[in-house]
Every structure is written in C-alpha cells, then in structure tokens.
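Residue numbers (full-length UniProt numbering): 1 to 68.
These notes are about the structure you will find just below.
Written as structure tokens, this is what we have:
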C-alpha cells in the first residue's frame, strides 16, 4: 500500500508498527502526529459505532482505519 497523503502515510506507519509487534506484547506508541493520536483515541470508537462514516459520508482512509 503506497500512501498518497501525509495522513495516509501516518496511518500506514502505525499499522506497520503494530504488524511487527507480537500479539501478546504491550505496545507504547510515541508520535508527534496529533492527527494519528486523535484518530486512534477519539475517532475510531465513534466510527465503529457509525460504520466508518462521518457527517453521513464515508470516512477518509476507511480501509486503512478498519485495518488498524
């Protein structure tokens, strides 16, 4: 998957870090991206309830986010 925006690249980087961590290990993620932090902590739980929709439109990068 080749990211086409900074936001997509940040999401792919997080997914790659998680893919390379053994399942039973605790993970601490350090990031300077407030956007990624907000997506993971605040937005993802909301999107799970709404089916990855925001303002009645599909969420940008929904496929990448659902992979996380």
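The beta carbon of each residue, even a glycine, is placed where N, CA and C say it ideally should be.
- Just the Cα atoms here: how many angstroms apart are residue 31 and residue 50? On the chain shown, position 31 is the one that residue 31 refers to. On the chain shown, position 50 is the one that residue 50 refers to. So the two alpha carbons sit approximately 27 Å from each other.
- Whole-angstrom Cβ separation of residue 21 and residue 28, contact assumed at under 8 Å? Along the chain shown, read from residue 1 onward, the residue named residue 21 stands at position 21. Along the chain shown, read from residue 1 onward, the residue named residue 28 stands at position 28. In this structure, residue 21 and residue 28 do not form a Cβ contact; the two beta carbons are roughly 10 Å apart against a cut-off of 8 Å.
- Message: Measuring straight from C-alpha to C-alpha, what distance separates residue 47 and residue 23?
- Response: For this step, residue 47 is matched to residue 47 along the chain shown. For this step, residue 23 is matched to residue 23 along the chain shown. Taking the straight line joining both Cα atoms gives about 24 Å.
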